[in-house]
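Going down the list, the protein sequences come from chains A and B.
Here the first sequence stands for residues 1307 to 1490, where the numbers follow my numbering.
Here the second sequence stands for residues 2 to 226, where the numbers follow my numbering.
We put the beta carbon where it would ideally sit given N, CA and C, even for glycine.
Keep in mind it's a predicted model, so treat the numbers as computed, not measured.
Here's the structure, in structure tokens; my notes come after.
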Amino acid sequence: MKTTLSAAVLLLAAAVTLAQTSVPRSAPPPTNPDGASVDAILNALYESVSHPDGAEPNWSRMRGIFLPVGMLIPPKRANEDMFTVLDVDQFRERVQKAQAAAKQKGEPFGFFEKEVARKLDCFGNVCQAFSTYEARKAQADEKPFVRGINSIQMLNDGQRWWVASVVWDTERPNNPIPAQYEKK
Amino acid sequence: MISKAALATGGVLLAAAASAQFSAPTRPPGAPVAPPPVHPVFVSPSIPPPGEPFERRTPTPLAAGNPQAGAVGADGSSVDRIIAALYESVSHGPEYEPNWKRMRNLFLPAGRLIPPKRPGTEGFAVLDLDGFQDFFTKGTEAAKQRGQSGAFFENEVARTLDCFGNVCEAFSTYASRRAPSDPQPFARGINSIQLVNDGQRWWIASVAWDTERTDNSIPARYDKK
């Protein structure tokens, strides 16, 4: 009894300390069908980012896919010292800026990204996907204007899947997509 | 990444934190309204609200006499080196703690660690290095209170690695022991490790893991080096 009590006191003391330093964040309800499976959440990721010319990605859907502190890390630009780490809202600002620039130049800014291959590793409540993508300006375009691979870290909270982190790189002349990541 | 006992403690702490404090993050004017607070995630205070930049934290000095003075500058030179440094920096003898300075240097300033969600807690704990240091230290204290050794030795037993350009992801199977000579580990599991290269060196962006349990055994393909 005494041991139980002192253990409880210790936990409480520690809990008070943590409560003072821990900041809760809010997230969408756990009933989102996009979180029902790894397939569903990866499909939702590609579907939500894709949009025709004149439109934007489906931001509320994308927000519902990511943990509230989920992050996206685009390839580092040559003029950047360090990687830019974005949450969904910051990613939205980045996309809107790019769209505004394209509009000014009179270029179309439709964006259709799809998965062409996936290597998946799962254990318990953690999965990571190495997901090869291609993106087109219009769905009917024969060739994609860019290809690359998304590294996607996902977690299951017992109710649904969440995307914790998406990091990617693009295909370049000196960085071709290896054959093992080319097939579905 | 950390003992079951430490995680159980973390779970209780997070549950307590959930009832003790709940408030929506402040957002800059004109920013989109956050969805309703239904599913909390607990975030280290140094991970800023959306829209604010991440800042690198001042490294915590090593405890005097800590023998783990690894070659910090070389830890990012390859994927092998940085993963080895992750396991080396978290491992420590009974009178020491992880080499926090070395570990901090492995992660992007915005890098994070996500321990398994404990049953009964509402959301994942998403930790930066400060948060992980708190979390880990409390786990060690709890182990000592139970009369167990505070030592922790984690090593990699297998790795599945996928790389493309400046991005790698490792599915890294680990075993944890209280002493390096213990025949059996007291915990096993798999770390999902996302890595990025800035042209100069490798960085860890995110580590999420789960532990082996009776109903969650490590598949054979992740069990051999």
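Residue from the options with nearest C-alpha to residue i
{"i": "GLN1434 (chain A)", "options": "B:PHE154, B:LEU114, B:PRO95 and B:ILE194", "result": "B:ILE194"}
{"i": "ARG119 (chain B)", "options": "B:ARG113, B:THR212 and B:VAL158", "result": "B:THR212"}
{"i": "ASN217 (chain B)", "options": "A:ASN1338, A:GLY1430 and A:GLN1459", "result": "A:GLY1430"}
{"i": "SER78 (chain B)", "options": "B:THR215, B:VAL197 and B:TRP210", "result": "B:VAL197"}
{"i": "GLY1416 (chain A)", "options": "A:GLN1465, A:MET1368, A:ASN1364 and A:LEU1392", "result": "A:ASN1364"}
{"i": "TRP203 (chain B)", "options": "B:SER92, B:GLU96, B:PRO110 and B:PRO95", "result": "B:PRO110"}
{"i": "ALA1459 (chain A)", "options": "B:ASN100, B:PHE154 and B:ILE115", "result": "The sequence as given places Gln at residue 1459 (chain A); Ala does not occur at that position. The option with the nearest alpha carbon to GLN1459 (chain A) is B:ILE115."}
{"i": "LEU1392 (chain A)", "options": "A:ALA1407, A:ARG1369, A:GLN1410 and A:ALA1408", "result": "A:ARG1369"}
{"i": "GLY1341 (chain A)", "options": "A:TYR1487, A:ASN1462, A:VAL1432 and A:THR1476", "result": "A:ASN1462"}
{"i": "GLY124 (chain B)", "options": "A:ASP1387, A:LEU1373 and A:ARG1424", "result": "A:LEU1373"}
{"i": "GLN134 (chain B)", "options": "B:GLY148, B:SER90 and B:THR161", "result": "B:SER90"}
{"i": "GLN149 (chain B)", "options": "B:ALA180, B:ALA159, B:ASP76 and B:VAL158", "result": "B:ALA180"}
{"i": "ALA1350 (chain A)", "options": "A:CYS1428, A:LYS1420, A:ARG1453 and A:ILE1455", "result": "A:LYS1420"}
{"i": "SER1366 (chain A)", "options": "A:LEU1426, A:ARG1398 and A:VAL1344", "result": "A:ARG1398"}
{"i": "ASP183 (chain B)", "options": "B:TYR175, B:ARG105, B:LEU162 and B:PHE154", "result": "B:PHE154"}
{"i": "PHE137 (chain B)", "options": "B:TRP101, B:ASN106 and B:CYS164", "result": "B:TRP101"}
{"i": "VAL80 (chain B)", "options": "B:TYR175, B:LEU162 and B:ASN106", "result": "B:LEU162"}
{"i": "ILE84 (chain B)", "options": "B:GLN146, B:TYR175 and B:PRO117", "result": "B:TYR175"}
{"i": "ALA1444 (chain A)", "options": "A:GLY1464, A:PHE1418 and A:ALA1423", "result": "A:PHE1418"}
{"i": "SER1343 (chain A)", "options": "A:MET1388, A:LYS1449, A:ASP1475 and A:GLY1464", "result": "A:GLY1464"}
{"i": "LEU1348 (chain A)", "options": "A:ASN1338, A:THR1337 and A:ILE1371", "result": "A:ILE1371"}
Residue range of the unbroken beta strand (DSSP E) whose run includes residue i
{"i": "PHE136 (chain B)", "result": "Unbroken run through PHE136 (chain B) is the alpha helix (DSSP H), 130-146; no beta strand (DSSP E)."}
{"i": "PHE1397 (chain A)", "result": "PHE1397 (chain A) -> not in any beta strand (DSSP E); alpha helix (DSSP H) instead, spanning 1394-1410."}
{"i": "LYS1425 (chain A)", "result": "1418-1429"}
{"i": "THR170 (chain B)", "result": "In the sequence as displayed, the identity of residue 170 (chain B) is Glu instead of Thr. Element bounds for GLU170 (chain B): 168-178."}
{"i": "SER1457 (chain A)", "result": "1452-1462"}
{"i": "ARG103 (chain B)", "result": "No beta strand (DSSP E) holds ARG103 (chain B); the alpha helix (DSSP H) holding it covers 101-105."}
{"i": "TYR1439 (chain A)", "result": "1432-1442"}
{"i": "ASP1475 (chain A)", "result": "1467-1476"}
{"i": "GLY124 (chain B)", "result": "Looking at the DSSP string, GLY124 (chain B) is not in any beta strand (DSSP E), and its letter there is neither H nor E."}
{"i": "SER182 (chain B)", "result": "Looking at the DSSP string, SER182 (chain B) is not in any beta strand (DSSP E), and its letter there is neither H nor E."}
{"i": "PHE1372 (chain A)", "result": "1372-1379"}
{"i": "GLU155 (chain B)", "result": "154-165"}
{"i": "ASP211 (chain B)", "result": "203-212"}
{"i": "ILE194 (chain B)", "result": "188-198"}
{"i": "PRO110 (chain B)", "result": "108-115"}
Beta-carbon separation (whole angstroms), residue i vs residue j, contact threshold 8 Å
{"i": "ILE1379 (chain A)", "j": "THR1438 (chain A)", "result": "17 Å between Cβ atoms; not a contact."}
{"i": "ALA188 (chain B)", "j": "SER173 (chain B)", "result": "At roughly 14 Å, the Cβ-Cβ gap does not stay under 8 Å, so ALA188 (chain B) and SER173 (chain B) are not in contact."}
{"i": "ALA206 (chain B)", "j": "VAL1473 (chain A)", "result": "6 Å"}
{"i": "ASN156 (chain B)", "j": "TYR88 (chain B)", "result": "6 Å"}
{"i": "ALA152 (chain B)", "j": "GLY94 (chain B)", "result": "5 Å"}
Buried/exposed call for residue i, threshold 16 Cβ in 10 Å
{"i": "GLY121 (chain B)", "result": "exposed"}
{"i": "PHE1451 (chain A)", "result": "exposed"}
{"i": "THR141 (chain B)", "result": "buried"}
{"i": "LYS225 (chain B)", "result": "exposed"}
{"i": "PRO220 (chain B)", "result": "exposed"}
{"i": "GLY200 (chain B)", "result": "exposed"}
{"i": "GLU170 (chain B)", "result": "buried"}
{"i": "ALA1361 (chain A)", "result": "exposed"}
{"i": "ARG222 (chain B)", "result": "exposed"}
{"i": "PRO99 (chain B)", "result": "buried"}
{"i": "GLY1412 (chain A)", "result": "exposed"}
{"i": "SER92 (chain B)", "result": "buried"}
{"i": "LYS139 (chain B)", "result": "buried"}
{"i": "ALA1485 (chain A)", "result": "exposed"}
{"i": "ALA1441 (chain A)", "result": "buried"}
{"i": "GLY166 (chain B)", "result": "buried"}
{"i": "GLY190 (chain B)", "result": "buried"}
{"i": "ALA86 (chain B)", "result": "buried"}
{"i": "ALA144 (chain B)", "result": "buried"}
{"i": "GLY1454 (chain A)", "result": "buried"}
{"i": "SER1457 (chain A)", "result": "buried"}
{"i": "ALA209 (chain B)", "result": "buried"}
{"i": "ASP1447 (chain A)", "result": "exposed"}
{"i": "ARG214 (chain B)", "result": "exposed"}
{"i": "THR59 (chain B)", "result": "With a pLDDT of only 35 at THR59 (chain B), under 50, the local geometry of the prediction cannot be trusted, and the value read off the model is given with reservation. Flag for THR59 (chain B) reads exposed."}
{"i": "ASP1475 (chain A)", "result": "buried"}
{"i": "GLU1488 (chain A)", "result": "exposed"}
{"i": "PRO1339 (chain A)", "result": "exposed"}
N-terminal and C-terminal residue of the alpha helix (DSSP H) that residue i is part of
{"i": "TYR1491 (chain A)", "result": "Chain A is shown from 1307 up to 1490; residue 1491 (chain A) falls before or after that span and cannot be answered."}
{"i": "ILE84 (chain B)", "result": "80-91"}
{"i": "ASP1345 (chain A)", "result": "1344-1355"}
{"i": "SER1366 (chain A)", "result": "1365-1369"}
C-beta neighbour in chain C for residue i, strict 9 Å
{"i": "SER1354 (chain A)", "result": "In the displayed structure, chain C is absent; the protein chains listed are A and B."}
Three CB pairs or more closer than 8 Å across the segment 129-137 of chain B and the segment 1366-1382 of chain A: In the pairwise beta carbon analysis, the segment 129-137 of chain B is classified as not touching the segment 1366-1382 of chain A: fewer than three pairs are separated by under 8 Å.
At least 3 beta-carbon pairs within less than 8 Å: the segment 1382-1389 of chain A vs the segment 1355-1364 of chain A: Remark: fewer than three beta-carbon pairs, one from each stretch, lie closer than 8 Å, so the segment 1382-1389 of chain A and the segment 1355-1364 of chain A are not flagged as touching.
Given 8 Å, three or more beta-carbon pairs between the segment 1343-1354 of chain A and the segment 1474-1482 of chain A: As far as the Cβ criterion goes, the segment 1343-1354 of chain A does not touch the segment 1474-1482 of chain A, which means the pair count is below three.
The segment 1456-1474 of chain A contacting the segment 1399-1410 of chain A, beta-carbon criterion three pairs below 8 Å: No: fewer than three Cβ pairs fall under 8 Å.
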